[in-house]
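The structure appears below as structure tokens.
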Amino acid sequence: MKILVVDDERTIRETLKEILEDEGYQVFTEEVGSRVYQRIKEIKPDLIILDLFLPGTSGMEVLEKLNKEGLTEKIPVIIVSGHGTVETAVKTMKLKAFDFIEKPIKYEKLLSTINEAVKNRRESPEKICDYSDLPLRQAKEAFEKDYILSVLKKFNGDLKKSANFMEIDISNLYRKLNKYGINQ
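Heads up: the sequence shown runs through residues 0 to 183, numbered per numbering that gives the first Met the number 0.
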């Protein structure tokens with residue numbers, strides 16, 4: 000499996016390359032956001048690890064372009080950032096990033112996320128919802144329900160982990176599950 004690591008910090012690129020190669024992955028690196036698209040064409044990676052803050056073209060801009068081209072549905076993108084906010088994480092998920100991991104990177108978390116991305120990639124792709132035909136309130140609710148379902152799936156139905164990931168308290172998660180008729 001080929002992984003493209005995109006980060007402007009040389010030590011992070013080299014460390015990730017070493018760790019992932021020890022795990023049996025073929026790893027390629029890039030430090031400049033504007034070259035990512037060309038590297039994808041050359042390498043044809045199975046997964047991308049993308050830092051948000053890159054010189055020139057930001058990781059967010061790269062993710063937006065990948066999403067616009069439909070590549071995020073074919074190649075899982077794991078976002079890493081040392082300066083992310085909840086809003087940034089949500090925006091990356093809306094742009095179909097597979098996951099968002101904060102720096103400093105916990106390598107066990109990264110490896111489990113990669114394994115989950117590979118597993119999900121092998122499964123049949125889910126229907127991508129288009130909310131643009133709905134009024135704003137209905138679109139927000141439809142998105143929230145789909146988001147909750149995807150997070151629950153990611154954590155195998157574990158409510159505590161799901162609530163923690165979504166940064167809401169578990170009682171609020173229970174209310175949302177009831178609101179959307181999601182049985183747990």
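From the three backbone atoms N, C-alpha and C, an ideal C-beta is built for every residue, glycine too.
The structure presented is a predicted model; accordingly, all values stated were derived computationally and were not measured.
For Pro75 against Ala116, the beta-carbon gap comes to about 4 Å, under 8 Å, which counts as contact. Following the DSSP letters along the chain, one finds Glu101 inside the beta strand (DSSP E) bounded by residues 98 to 101. By the Cβ neighbour-count rule, Glu29 is buried, with 16 or more other Cβ atoms within 10 Å of its own.
In this structure, Val35 places its C-beta atom within 9 Å of the C-beta atom of Leu3. When secondary structure is reduced to three states using DSSP, Lys43 falls in the coil class, being assigned neither helix nor strand.
Residue environment for Val61: buried (at least 16 other C-beta atoms within 10 angstroms of its C-beta). Val89: member of the alpha helix (DSSP H) spanning 85 to 93, first to last residue. In this chain, the alpha helix (DSSP H) harbouring Val150 covers 135 to 153. The continuous stretches of alpha helix (DSSP H) do not include Thr56, and DSSP gives it neither H nor E. Residue environment: Tyr24 is assigned as buried (16 or more neighbouring CB atoms within 10 Å of its CB, all protein chains considered). When the Cα atoms are used, Gly32 and Ser80 turn out to be separated by approximately 14 Å. Excluding sequence positions up to five before and after Thr112, its CB lies within less than 8 Å of the CB of Ile77, Phe97, Asp98, Ile100, all in the same chain and listed in chain order. Residue pairing for Val31: DSSP places it in no beta bridge. Contact check for Ile169 and Leu148: beta-carbon distance about 17 Å, past the 8 Å limit, so the pair fails to qualify. Around the Cβ of Val85, a 10 Å sphere holds fewer than 16 other Cβ atoms; the residue is exposed.
No residue range can be given for Leu51, since it is assigned to no alpha helix (DSSP H) and is classified by DSSP as neither H nor E.
One alpha carbon belongs to Thr87, the other to Gly58, and they sit about 11 Å apart.
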